[in-house]
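One structure below.
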């Protein structure tokens, strides 16, 4: 499922700047990989670990889905894309802080992915602001 290093080519890390610690337990959805306007994007899902990191993604399964479970990996999806693609990370900050305790119930970060590259997207977060950048 993951690359040779044990992690997927797209990873993220969330730090809660109100407490100066990693943000454990934030649900994050990764969407992208559509190669045309009619193509359906692939969706992955994960939760930040004790260190606030997501190193691997599982295919997203909607609670309303019926039928077969998706069996693709991020590595598989990325390997089938020729040229650059657009991906979006959706951080469920309302569930982390509490719906009425944050100005940003969801943080959405959209970025461009080039074939063969790896991407680490840190998010510095508090209830009233956030910042992100391309990490290493």
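Residue numbers (this note's numbering): 38 to 173. Just so you know, even glycine gets a beta-carbon here, dropped at the ideal spot from N, CA and C. The structure displayed is predicted, hence computed values, not measured ones.
In whole angstroms, give me the CA-to-CA distance for residue i and residue j.
i, j, result
"residue 54", "residue 110", "32 Å"
"residue 49", "residue 76", "25 Å"
"residue 74", "residue 82", "23 Å"
"residue 160", "residue 63", "11 Å"
"residue 38", "residue 97", "Below a pLDDT of 50, predicted positions are generally treated as unreliable, and residue 38, at 45, falls in that range; the measurement from the model is reported next regardless. Residue 38 and residue 97: Cα-Cα distance of roughly 14 Å."
"residue 85", "residue 91", "5 Å"
"residue 133", "residue 162", "11 Å"
"residue 67", "residue 138", "24 Å"
So, is residue i buried or exposed, given that buried needs 16 or more other C-beta atoms within 10 angstroms?
i, result
"residue 89", "buried"
"residue 65", "buried"
"residue 135", "exposed"
Output yes or no for whether 8 Å exceeds the beta carbon distance between residue i and residue j.
i, j, result
"residue 130", "residue 143", "yes"
"residue 46", "residue 169", "no"
"residue 14", "residue 152", "With the chain running from 38 to 173 in the structure shown, residue 14 is simply not present."
"residue 61", "residue 93", "no"
Name the residue from the options whose alpha carbon lies nearest to the alpha carbon of residue i.
i, options, result
"residue 127", "141, 72 and 46", "141"
"residue 71", "61, 123 and 137", "123"
Please return the same chain residues whose Cβ sits closer than 6 Å to the Cβ of residue i, not counting the five positions on each side in sequence.
i, result
"residue 147", "125"
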